[in-house]
Amino acid sequence: MAIGETKVAQEECKVVKKDPASNKTNTDNLKFTHVPNCFAPTICATDNAAKFMKVLHNLTPAELYEQALQHEKGSFITSSGALATLSGAKTGRCPKDKRVVKDESTEQELWWGNGSPNIEMDEQSFMVNRETAMNYLNSLDKVFVNDQFINWDPENIIKVRIVSAKAYHSLFMHNMCIRPTAEELENFGSPEFTIYNAGQFPCNRYTHCMTSSTSININLARKEMVILGTMYAGEMKKGLFSLMHYLMPKRHILSLHSGCNMGKDGDVALFFGLSGTGKTTLSTDQNRYLIGDDEHCWSDNGVSNIEGGCYAKCIDLSQEKERGIWNAIKFGSVLENVAFDEHTRVVDYSDNSITENTRAAYPIEYIPNAKIPCVGPHPKNVILLACDAFGVLPPVSKLNLAQTMYHFISGYTALVAGTEEGVKEPKATFSACFGAAFLMLHPTKYAAMLAEKMQKHGATAWLVNTGWSGGSYGTGKRIKLSYTRKIIDAIHSGSLLNTNYKKTEVFGLEIPSEIGGVPSEILDPVNTWSDKKAYHETLLKLAGLFKTNFETFANYKIGKDNKLTEDILAAGPNF
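The opening residue of the sequence shown carries number 30 in the numbering used here; numbering runs sequentially from there.
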């Protein structure tokens, strides 16, 4: 199929609905279907035209299973019916290999420099990588094409096209993006953004701006993304999320790295949290409707899920702890990098021999209490989750607007470092807006939008610690999940608003005096430490880490007369 400066002639665009590579298939009997507006992106006249031999367009999960099992090494059907796949050498994202084209427009608009995830590349280097990907895709006997949507808000839906070399990648994006109906597909037209995924085929590491044979490139002006040197499917998902972090604020819509659920009375809650904080566990509540588990937009219409599926961690997954995820891993789901019994094909979710980052991708309708379409009214509660391994943050505290912005920009959690010679030490982790790796604009811009929407719609913010109490990791104990669930229930019901509060020292957090089902003595962390001196030393240590982290953002002015910036700084720890 030729791609040139002009649209492809309709008769040149052939879409195969069978397997053209199988020796068992009589290709003379294959049926070809013309698809309206198939592949009409414009490219620079100096590029070589890409000529795809065959295009497998929007195949069904069953067809993609057949393609993967016949032609992709490492593909198997597990006992639950899911497709098990391997992503090769890369079993996670490669943020240091992500590049964004810096041009006259993006130089002014995007967040660059200290702390930014956006590493610049020039247009010429992008075109070199683009042509490398095109030449590889051009050499294959077939490519897979998905035409799908992102964002369930009908007024702000984005049309995306994914061109990939692997059936596994096509099935992954089939699950993760919103699936069009037959009528929507027929009237799809031209995409608003296109991903060219060449999988494991490497880029030339001597290309300007490259530092390895892996490269994930985004060109906002061309509305394209190119992937080279990695088969990890999450790069596509998060590439589109980065796109939304750029496009949506232009429409005065806030893009959010959060979980989202809704009560039976229509009360919506947003859950922010880094890995290990319990975001997925707490947002997936059998008593509430799931709007989404990871990526959302907050517009004038309310909230909407960006995705059409879920991408869940699988390590140590059990039916008892995560029944919803467990039951969703069935026919149509993709399992990445899991180990399983060679004979029974039963997955061993405790096996981390390939990677700790084992994953499952499945359509959101595989969750029984998912709300379809995945939209809801304006949030009533905004919950910031932190797994504080230092053990000095309260289990729950109510935040004012300035504190919300401060802790949202900070994006704090603490992880337990690896054990060396018996030493266990918590390690603070900060990720702006609870998802710095995907931000396009400066974090304060998203924080200002969050504050504006919360103020306009009367939302309340809470900081919930799902980490340690009574001491740091190694001394104290993890706050019981049952207590955290009682806290979240009290937030949802509104009862937590109707209690007495007192302010903590240093961080100035408002903590409640009582919560039904939660021991009152743990609500103020100082009560749980037997060594009060150690508590104060640890509290000041964490406060210092917060201050040091926030220095990156302190000089960025927002708000009229700089007042908003001053308010945010004042909302941090005071010592």
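C-beta: ideal position from N, C-alpha, C; glycine also.
Are F270 and S439 closer than 8 Å when you measure CB to CB? Within the sequence shown, residue 270 is the residue found at index 241, counting from 1. Within the sequence shown, residue 439 is the residue found at index 410, counting from 1. Remark: C-beta atoms of F270 and S439 do not approach each other more closely than 8 Å.
Per-residue DSSP class, three states only, for W181: Within the sequence shown, residue 181 is the residue found at index 152, counting from 1. DSSP, reduced to helix, strand and coil, places W181 outside both helices and strands of the structure shown, so it counts as coil.
By a C-beta neighbour count over all protein chains shown, 10 Å radius and 16 as the cutoff for buried, is S511 buried or exposed? Mapped onto the sequence shown, residue 511 falls at position 482. Result: exposed.
Straight-line CA distance for G103 to V84? If you number the sequence shown from 1, residue 103 lands on position 74. If you number the sequence shown from 1, residue 84 lands on position 55. When rounded, the distance between both Cα atoms is 23 Å.
Only counting the same chain, and skipping five residues up and downstream in sequence, which positions put a Cβ closer than 7 Å to that of A599? Mapped onto the sequence shown, residue 599 falls at position 570. Correct list, in chain order: A431.
Using three-state DSSP, classify V555 as helix, strand or coil. Translated into positions along the sequence shown, residue 555 becomes position 526. Collapsing the DSSP output to three states places V555 in a helix.
How big is the Cα-Cα spacing for I148 and P220? As a working note, residue 148 is residue 119 in the sequence shown. As a working note, residue 220 is residue 191 in the sequence shown. When rounded, the distance between both Cα atoms is 26 Å.
Using three-state DSSP, classify H436 as helix, strand or coil. Counting from one through the sequence shown, the residue named residue 436 turns up at place 407. Reduced to three states, the DSSP call for H436 is helix.
Return the residue from the list T504, Y585, A118, A415 that minimises the CA-CA distance to F230. As a first step, residue 230 is located in the sequence shown; it is residue number 201 there, counting from the start. Minimum Cα distance to F230 is reached at A118.
Using DSSP with H/G/I as helix, E/B as strand and the rest coil, what is P455? Counting from one through the sequence shown, the residue named residue 455 turns up at place 426. Reduced to three states, the DSSP call for P455 is strand.
First through last residue of the alpha helix (DSSP H) which encompasses Y564: Position 535 of the sequence shown, counted from the first residue, corresponds to residue 564. Where Y564 is concerned, the enclosing alpha helix (DSSP H) stretches over 561–583.
Buried or exposed for P392, going by 16 or more other Cβ atoms inside 10 Å? For the purposes of this step, residue 392 is identified with residue 363 of the sequence shown, where counting begins at 1. Around the C-beta of P392, 16 or more other C-beta atoms lie within 10 Å, and the residue is accordingly described as buried.
Cβ of D296 within 8 Å of Cβ of H521? For this step, residue 296 is matched to residue 267 along the sequence shown. For this step, residue 521 is matched to residue 492 along the sequence shown. Taking 8 Å as the Cβ cut-off, D296 and H521 qualify as a contacting pair.
Spatial neighbours of N248 within its chain, please: C-beta separation below 6 Å, excluding the five flanking residues on both sides. The residue you call residue 248 lines up with position 219 of the sequence shown. Answer for N248: V130, F155, listed in chain order.
Taking DSSP as the reference, what is the three-state secondary structure of S522? The residue labelled residue 522 in the question sits at position 493 within the sequence shown. Three-state DSSP puts S522 in a helix.
Buried or exposed: which applies to V375, given that a residue is buried once 16 or more other Cβ atoms fall within 10 Å of its Cβ? Locating residue 375 in the sequence shown gives position 346, counting from the first residue. So V375 ends up on the exposed side.
Roughly how far, in whole angstroms, is the beta-carbon of N226 from the beta-carbon of H198, given that I think they are within contact range, below 8 Å? As a position in the sequence shown, residue 226 is number 197, starting the count at 1. As a position in the sequence shown, residue 198 is number 169, starting the count at 1. Contact between N226 and H198 holds: their C-beta atoms lie close to 6 Å from each other, under 8 Å.
Just reading off the beta strand (DSSP E) that R128 is part of, what are its end residues? As a first step, residue 128 must be located in the sequence shown, where it is residue number 99. In the DSSP assignment, R128 falls within the unbroken beta strand (DSSP E) covering 127–130.
Apart from the five residues just before and just after F217, which ones in its own chain have a Cβ nearer than 6 Å to its Cβ? Translated into the one-based positions of the sequence shown, residue 217 becomes position 188. Sequence-distant Cβ neighbours of F217 in its own chain, meaning closer than 6 Å and more than five residues away, are D176.
Buried or exposed by the 16-neighbour rule on C-beta atoms within 10 Å, applied to Q153: Here residue 153 corresponds to residue number 124 of the sequence shown, with the count starting at 1. Within 10 angstroms of the beta-carbon of Q153 lie fewer than 16 other beta-carbons, which makes it exposed.
Find the nearest neighbour of L285 within the set R159, G292, M273, K293, judged by alpha-carbon distance. Sequence index remark: in the sequence shown, residue 285 carries index 256 (1-based). Nearest to L285 by C-alpha distance, out of R159, G292, M273, K293, is M273.
Residues bridged to P392 (per DSSP): In the sequence shown, residue 392 corresponds to position 363, counting from 1. In the DSSP output, where bridge partners are listed per residue, P392 has G338.
Whose C-beta lies closer than 6 Å to the C-beta of Y395 among residues of the same chain, with five residues either side of it excluded? Along the sequence shown, one-based indexing puts residue 395 at 366. Annotation for Y395: A357 place their beta carbon closer than 6 Å to its own, counting only its chain and skipping 5 residues before and after.
Exposure label - P408; buried when at least 16 CB within 10 Å: By 1-based counting over the sequence shown, the position of residue 408 is 379. Buried is the call here.
Could you work out which residue in V367, I551, H471 is closest to I508 when comparing CA atoms only? Numbered from its first residue, the sequence shown carries residue 508 at position 479. Taking only the C-alpha atoms, the option nearest I508 is I551.
Tell me, which residues are paired with K532 by DSSP? Locating residue 532 in the sequence shown gives position 503, where the first residue counts as 1. E539, per the DSSP bridge assignment.
Rounded to a whole number of angstroms, what is the C-alpha to C-alpha distance between G405 and T210? To locate residue 405, count along the sequence shown from 1; it is residue 376. To locate residue 210, count along the sequence shown from 1; it is residue 181. Going by the C-alpha atoms only, they are around 22 Å apart.
Endpoints, beta strand (DSSP E) assigned at T223: As a working note, residue 223 is residue 194 in the sequence shown. According to the DSSP assignment, T223 belongs to the beta strand (DSSP E) that extends over 222–226.
Taking 8 Å as the cut-off, does the segment 330–350 touch the segment 228–245 (at least 3 CB pairs, one atom from each stretch)? Per the Cβ contact rule, the segment 228–245 is not in contact with the segment 330–350 (fewer than 3 Cβ pairs under 8 Å).
When the Cα of G464 is compared with those of T107, S145, S134, which residue comes out closest? Against the sequence shown, residue 464 aligns to sequence position 435. For G464, the closest C-alpha among the options T107, S145, S134 is that of S145.
Sequence ranges, alpha helix (DSSP H) only - wholly within the segment 190–222, length at least 4: Fully enclosed alpha helix (DSSP H) runs of 4 or longer: 196–205, 211–215.
Which whole-angstrom value is the C-beta distance of F437 and A476, which I expect to be below 8 Å? Position 408 of the sequence shown, counted from the first residue, corresponds to residue 437. Position 447 of the sequence shown, counted from the first residue, corresponds to residue 476. So it is a contact: roughly 5 Å between Cβ atoms.
What first and last residue would you give for the alpha helix (DSSP H) that runs through E253? Numbered from 1 along the sequence shown, position 224 holds the residue referred to as residue 253. Per DSSP, E253 lies in no alpha helix (DSSP H); the unbroken beta strand (DSSP E) holding it starts and ends at 253–257.
Report the residue ranges of all beta strand (DSSP E) runs contained in full by the segment 467–525; include only those spanning at least 3 residues, in chain order. Correct list: 489–494.
Give the DSSP bridge partners of W327, in chain order. As a first step, residue 327 is located in the sequence shown; it is residue number 298 there, counting from the start. Answer is L283, V332.
Between the alpha carbons of S559 and N158, how many angstroms are there, rounded? One-based indexing of the sequence shown puts residue 559 at position 530. One-based indexing of the sequence shown puts residue 158 at position 129. S559 and N158 have their C-alpha atoms some 59 Å from each other.
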